Amino acid sequence: MTLDIRALEEAGKAVEESHKTLQSLLEQRTQIFIGQRENEIVLDEFEFLSDTDVVMKQVGPTLVREELDAAKQNVKQRLDYMANQLKSLDSKIEATQKIVAAAETKLAQMQARIK
Numbered sequence: 006m007t008l009d010i011r012a013l014e015e016a017g018k019a020v021e022e023s024h025k026t027l028q029s030l031l032e033q034r035t036q037i038f039i040g041q042r043e044n045e046i047v048l049d050e051f052e053f054l055s056d057t058d059v060v061m062k063q064v065g066p067t068l069v070r071e072e073l074d075a076a077k078q079n080v081k082q083r084l085d086y087m088a089n090q091l092k093s094l095d096s097k098i099e100a101t102q103k104i105v106a107a108a109e110t111k112l113a114q115m116q117a118r119i120k
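Printed below as a string of structure tokens:
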């Protein structure tokens, strides 16, 4: 009986840890998604600019002039990088969801055996 309770507690902790991991991954995904949307807005705003307009970027505490084409390219590269990060996180989230489901199933089976 003591072993069953200890195993049940360990299974409960495993479920809790896997939920924390999943929550952390989802928070990371949300932050990257927000950054992606912000960069898409910047890219859309660049479309309203002409080649003669001045684009400034912040480098530390100062603003530095940047060519419009270079600024567009930088934003596109960031968007590509973020898209790859989202793909990676999505696969990690999917794998973690499977781990959570397996841990919850194991916990439910153990609880049913004890009753």
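Reading the sequence shown from the start, the letters are residues 6 to 120 in our numbering.
Even glycine gets a Cβ: it sits at the ideal position worked out from N, Cα and C.
Keep in mind that this is a model prediction, so the values were computed, not measured.
In summary, Val20 is buried, with 16 or more beta-carbon neighbours lying within 10 Å of its beta-carbon over all protein chains present. Cβ contact annotation for Gln102 (same chain, cutoff 7 Å, sequence separation greater than five): Leu27, in chain order. Separation of Glu99 and Leu91 (C-alpha to C-alpha, rounded to the nearest whole angstrom) is 12 Å. The C-beta distance from Glu71 to Met61 rounds to 7 Å, short enough to meet the 8 Å contact threshold. Annotation: the continuous alpha helix (DSSP H) that includes Val80 extends over Leu73 to Ile119.
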